[in-house]
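There are 4 protein chains.
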Amino acid sequence: MLSAMHDFAVHGYEGARVDRIAEGASINKAMIYYHFRSKEELYRETIGEVYREATDKLSSLFTGEETLEEILHAVAAYHHDLMRKYPEFRSVLMRELAHPRREILSYIFGIFEASGLPSRLLARFGEEIKAGRVRKSDPRQLMISFLTLNLGYVMLAPLFDLIMGISDRELFVEDRKKEVVKLFLNGIRSGRS
Amino acid sequence: MLSAMHDFAVHGYEGARVDRIAEGASINKAMIYYHFRSKEELYRETIGEVYREATDKLSSLFTGEETLEEILHAVAAYHHDLMRKYPEFRSVLMRELAHPRREILSYIFGIFEASGLPSRLLARFGEEIKAGRVRKSDPRQLMISFLTLNLGYVMLAPLFDLIMGISDRELFVEDRKKEVVKLFLNGIRSGRS
Amino acid sequence: MLSAMHDFAVHGYEGARVDRIAEGASINKAMIYYHFRSKEELYRETIGEVYREATDKLSSLFTGEETLEEILHAVAAYHHDLMRKYPEFRSVLMRELAHPRREILSYIFGIFEASGLPSRLLARFGEEIKAGRVRKSDPRQLMISFLTLNLGYVMLAPLFDLIMGISDRELFVEDRKKEVVKLFLNGIRSGRS
Amino acid sequence: MLSAMHDFAVHGYEGARVDRIAEGASINKAMIYYHFRSKEELYRETIGEVYREATDKLSSLFTGEETLEEILHAVAAYHHDLMRKYPEFRSVLMRELAHPRREILSYIFGIFEASGLPSRLLARFGEEIKAGRVRKSDPRQLMISFLTLNLGYVMLAPLFDLIMGISDRELFVEDRKKEVVKLFLNGIRSGRS
DNA sequence: GATGAATGAGATTTCATTCAT
DNA sequence: AATGAATGAAATCTCATTCAT
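Protein chains in written order, with this note's numbering: chain A, 5 to 197; chain B, 5 to 197; chain C, 5 to 197; chain D, 5 to 197.
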C-alpha cells in the first residue's frame, strides 16, 4: 500500500494517521481494518513487502563464481536500485534503525543472512588477507567499511547534498558507485601504507 | 532535560508523551509548560543543547595547522565521543535525518559550517589532488566517503553488532577509529590502482 | 438460530455481534440481513420462538380438572423443563427482566395470560381461603411466593450452587421440585401458626 | 457515580455509553478516563461501592444472639432497604447474574460470607431439625427457599406488579416482608403434613 | 514555582448495515 | 441464496494544552 508507506515515511509510525492513509488510498478508513487488523499490522505488512522483495533479490544476486570486485559492484548498485524503487523506504528504515526493536533487527538480519552475503564476504576477506592481497586487518572492519561507504550516502543523501552543494543527484550516484569500490579496494590493498 | 531526550529517542517526536516525560523527570506536567511553550519547543531546546555543544566543540577543534591525518583522526574520535556523551542523541538524530525538515537540516548544516570543516577539508583534498598525493577524484566524494565511514558505524552499530557478532563494542570502536583513517588514506592515495 | 441465542445470552443484546453470530452459524454475515431485517428483528425472532413454545406448552398443560397440588407440581416441573431445553434462555430472560421494556413485559405477560394460570391460581387461592383450608392472606402474595420459590432458584442457580456448595445440580433440582411444593403447601395452610 | 450507575442499569455494561455518562455527570468525557482507567474500571468501582456497603452493613447486622425469626425478619427487611437506597442496582445485579463471571460471583459470594449469614443459617436449620422443631429436610433447600422468597420479588417486581395488578408497591412490600417470614416458618415446621 | 483537575480535538477501532456480483 | 468488500456513524480512549488554586 503506497499511501501507507508514504505516511509512515513522512510521519513515522506514531505520527502516521490511519485517516490520512485511507484518504490517500481513496478507500474508507474501515476498509483498512477489514484488510489489516490494526495500524501495527498495516505497518508490518507494508514494510514486510519490501523486506521480502529485498531478501529475494539479494539471494538471487550471486552464483558464487563472482570475483570480489564484481560482488562489490553488485552490492553498491543494489542499494541504490532498491532506494530508487522504493524512495520512501529509506525513511522508514532509518526510523526503525533509530531505535531498533529486536523484531525488526531480526527481520533485516534475515535479509542479509538469506543473501549469504555477510558470511561469503567475510570468508572472502579472510582468504584475501591470508593470500597477502589484502592487508592484515579484522574482516569485520572491512565489511562494515564497505557497507557504510554505500549505505552512509544512501541514508544521509539529503544532508550531504546540502552540505556539499550537490544538485544533480542521479549523476552523483553513478559516480559514487564507482568511487566507493575504487576507494575501498585501494584502501584494503596490502602495500607500503 | 534527560527524561525528554530519552522519550524523544525511544518514541520519536510524535510518539513522545508529555505525561511520560514529566513523570520521568518527577515533575508535574504543567511545569513543563511553565518552562517551555509547547512540546515542540521542548523538543527544539532538548536537541538544541546538544547541537550547540557540538558546534562549539567542533569549532574549537582545529587551529588550521593540522596535518590531514590529524584532522581525520580528530573527526573520527569526535563522533564517537559525542555519542558516548549523549547516547540517546543518536536515535534522535537518525529520526530527524529519516525525513529531514529544512529547519533541522539547516541546524545541522550550521554545525558543520561553524566548524569550518567541510570547506577546509574540501580545499585540502583539492590541494592534495593537485599536488598528486591523492588520486584524481571529486573532493566531495572523498569527503562523503570519510564521513560515512565514521557516521555509518556510529548510526548502524546495533545492526552491525548483530550481523557481525560484535560483543565488546568499546574495544571494536577503538579499533575502528584507526581502521577508518587507515583505509581512507590508503584508498585515496594516488598510485597504480 | 442457536448461534444468535448463544451470543445474546453471553453478551446481551447490545454486546452481541452480528459478525460473531454469523461466524458461529457458519454463514455469511449478509445472509443474516437476508433473513432478518436487522439485529433487533433477529433478537425478537430468536427469543420469540422460545416464548411462543412456552405459551403453547403452558396453555395445553391444564384441563381445569387438576387439584391444587397437581397444578403446583406441574408448574414447578415446567420451569425446570424449559430451562433444560433452552439453557441459554435463562440469561436472555434475566437480562430482559433486569430493565424490562414494556414490549417485552407484555410478551411475557401474554404467556402467563395464555396459560390462564394466574387467574386460575388466584381464584383457586381465593376459594381455598374462603373454605378455610388456606390461612387468610392476600392471594397475590401466595402466588408470588410460589412463583419465586421456583423461578428464584432457576434464575440464581449459579450463585446458589456456589454459596451452598451444590455440586450435582440435576439431583438437587429433583429434590427441589418436591421441596418447593411441600414448603409452599405447608406454609399456606391454615392452622395454629 | 450516579450517572454511571444509571447508564449501566438502563443499558447494561456493553450498552452503556461513556459519552452519556459524562454528560449525565456534567463533566468532560476525558475526566472519566482521568479518574478511572477505563470503562471497565468505572463499572467495577461503581458497583464495588455498593457491594462494599452491602458487605459492611450485613456484617454488622447480627450479634449472634438473635432468634431465628429475628434473623429472617432482618434479612427480609435488608433486601428491600438496599434496593430502596440503590434502586438501579437491582438492574445491574440482575444483568451480572444473567451471565455470571467468576470474578463477580466471587464478589457477591464474599458479601454473603462476610455476613456469616449462610453458615449461621445453615447451622441453625440443622439444629432446629435435630431438635424436631423443623421437619426433616436439606438445610440448603430451606436456605434457598427463604432467600428466593425475598430476592424473587425484589428482582421480578416489575413483572409481578404487571401480572398481579399491583399499584402501590410500597404498601405491598410492607405486607410481603411479613408474609414471607410467616409462610416460610409455617412451611418448614415439623408436623402432620 | 508547583499541582490536580479540566478540556477539546482528534486518534484508533468497531459495528450494524448495504452493495455488487 | 450467497459472498467479500464497502461504508458512515459512532464508540472508547488519548493527548497536548490550560485553569484554578
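Don't be surprised by glycine CBs; every beta carbon is placed ideally from N, CA and C.
Where does residue i fall in DSSP's three states?
| i | result |
| --- | --- |
| residue 196 of chain C | Caution is warranted here: a pLDDT of 48 is assigned to residue 196 of chain C, below 50, making its placement in the model unreliable, and the coordinate value is therefore given only provisionally. Here residue 196 of chain C sits in coil by DSSP. |
| residue 66 of chain A | coil |
| residue 113 of chain D | helix |
| residue 5 of chain B | coil |
| residue 20 of chain D | coil |
| residue 31 of chain C | coil |
| residue 130 of chain A | helix |
| residue 10 of chain C | helix |
| residue 15 of chain D | helix |
Name the DSSP beta bridge partners of residue i, please?
| i | result |
| --- | --- |
| residue 138 of chain D | D:193 |
Since residue i and residue j are thought to touch, with beta carbons under 8 Å apart, how far apart are those beta carbons, to the nearest angstrom?
| i | j | result |
| --- | --- | --- |
| residue 51 of chain C | residue 96 of chain C | 6 Å |
| residue 84 of chain C | residue 22 of chain C | With a Cβ gap of about 32 Å, residue 84 of chain C and residue 22 of chain C do not count as contacting. |
| residue 76 of chain A | residue 185 of chain A | 5 Å |
| residue 8 of chain A | residue 46 of chain A | 6 Å |
| residue 188 of chain D | residue 191 of chain C | 6 Å |
| residue 58 of chain B | residue 86 of chain B | 6 Å |
| residue 54 of chain A | residue 17 of chain A | Not really, about 15 Å apart at Cβ, beyond 8 Å. |
| residue 101 of chain A | residue 160 of chain B | 6 Å |
| residue 129 of chain C | residue 138 of chain C | 6 Å |
| residue 163 of chain D | residue 112 of chain C | 6 Å |
| residue 125 of chain D | residue 147 of chain D | 6 Å |
| residue 29 of chain C | residue 181 of chain C | Residue 29 of chain C to residue 181 of chain C, Cβ: 35 Å. No contact. |
| residue 156 of chain C | residue 155 of chain D | 6 Å |
| residue 142 of chain C | residue 142 of chain D | Not quite, the Cβ-Cβ distance comes to about 29 Å (not below 8 Å), so this is no contact. |
**Prompt:** For the region 104-117 of chain C, which residues have a beta carbon sitting closer than 7 Å to at least one beta carbon of chain D?
**Reply:** 104, 109, 112, 113 and 116
**Item:** Residues in the region 53-64 of chain C having any Cβ partner in chain D nearer than 8 Å
**Value:** none
**Prompt:** Where are the alpha helix (DSSP H) runs, 4 residues long or more, that stay fully inside the region 146-196 of chain A, in chain order?
**Reply:** Counting only unbroken stretches of 4 or more residues, the alpha helix (DSSP H) elements lying wholly within the region 146-196 of chain A are 173-192, in sequence order.
**Item:** Cβ-based contacts, 9 Å cut-off: residues of the region 9-34 of chain C near chain D
**Value:** 13, 14, 15, 16, 17, 18, 19 and 20
**Prompt:** Looking at chain D, which residues of the region 77-95 of chain C have a Cβ within less than 7 Å of any of its Cβ atoms?
**Reply:** 95
**Item:** the region 171-183 of chain D: positions lying closer than 9 Å to chain C by Cβ
**Value:** Residues of the region 171-183 of chain D with a Cβ closer than 9 Å to any Cβ of chain C, in chain order: 176, 179, 180 and 183.
**In chain order, each beta strand (DSSP E) run of at least 3 residues that lies wholly inside the region 32-110 of chain A** = none
**Prompt:** Got a sec: which bits of the region 37-51 of chain D sit with their beta carbon under 8 Å from any beta carbon on chain C, in order along the chain?
**Reply:** none
**Prompt:** Residues in the region 121-135 of chain A with C-beta within 9 Å of chain B's C-beta atoms, listed in sequence order?
**Reply:** Within the region 121-135 of chain A, the residues whose Cβ lies closer than 9 Å to some Cβ of chain B are 122 and 126, listed in chain order.
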